[in-house]
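Here's the structure we're looking at; comments come further down.
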Amino acid sequence: MKLKTLIGHLLLTVLLTGLIVILPAALTFGRFQAGASADVVTGATEEVPTRPSGEFVVLLNRDLHQESLAQWQSFFRDGELNVIFDDIQCIAAQGDAAAIQLAQRYQAQLPENQMTLRFENPMLLMSKAENGLIDTAIISKELASALALSIVEKDSHIVQIHVSGGTDDEKA
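So in numbering that gives the first Met the number 0, spot 39 of the sequence shown is number 38, and the numbers just go up one at a time.
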């Protein structure tokens with residue numbers, strides 16, 4: 000009688016160990032996962048938004064980016080992506096869909112969290128830009144002219160970069 004009890008306990012222990020250890024390990028490491036095609040070496044990809052058409056003004060605060068000003072100007076003007084060891088906070092006007100799309104495109108081209116993007120009231124954004132209280136702003140030329148954006152570069156802390164939009168095929 001004791002031998003049967005011992006064998007029963009041994010079988011029960013092996014069965015429970017298999018359920019507790021082997022089954023979760025097999026599920027975790029993808030043994031039974033259906034449709035899991037990505038593996039460890041598959042690169043993460045993020046689709047870059049299309050380049051909007053139109054003319055844009057990128058405003059960049061030269062005081063906040065003294066050492067990397069030329070690199071940021073090159074990035075915004077030409078799309079040339081060098082390694083920039085500087086984070087940037089970009090503001091786009093609410094309702095300015097083309098400028099928001101361009102800002103999201105720039106954000107997608109940079110490493111994650113290097114550019115933070117937020118949206119503000121257009122009048123408040125223009126006021127902040129004219130007084131040099133921004134880091135970076137992207138505004139469509141139509142909105143800038145409609146709200147009479149007036150920044151005199153030689154007297155201001157703000158650098159204006161004029162960007163032409165269009166499809167990626169036109170820029171290539």
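The beta carbon of each residue, even a glycine, is placed where N, CA and C say it ideally should be.
Remember, predicted model here, so these are calculated numbers, not experimental data.
Item to complete: Just mark residue 65 as buried or exposed, buried being the case when its beta carbon has 16 or more other beta carbons within 10 Å.
Response: exposed
Worksheet item: Quick one, which of 134, 140, 83, 127 has its alpha-carbon nearest residue 96's?
Response: 140
Worksheet entry | Limits of the alpha helix (DSSP H) - the one that residue 139 falls within | From DSSP, residue 139 is part of no alpha helix (DSSP H) but of the beta strand (DSSP E) over 135 to 139.
Item to complete: With residue 161 as the anchor, note down where its beta strand (DSSP E) starts and where it stops.
Response: 157 to 163
Worksheet item: Hey, out of 90, 89, 69, 88, whose CA is closest to residue 80's CA?
Response: 69
Worksheet item: Using the beta-carbon count (16 or more within 10 Å), is residue 7 buried or exposed?
Response: exposed
Item to complete: Count the C-beta pairs between the region 112 to 128 and the region 18 to 29 that are closer than 8 Å, then say yes if the count reaches three, no if not.
Response: no
Worksheet item: Is it right to say residue 100 is buried, meaning 16 or more other beta carbons lie within 10 angstroms of its own, or is it exposed?
Response: buried
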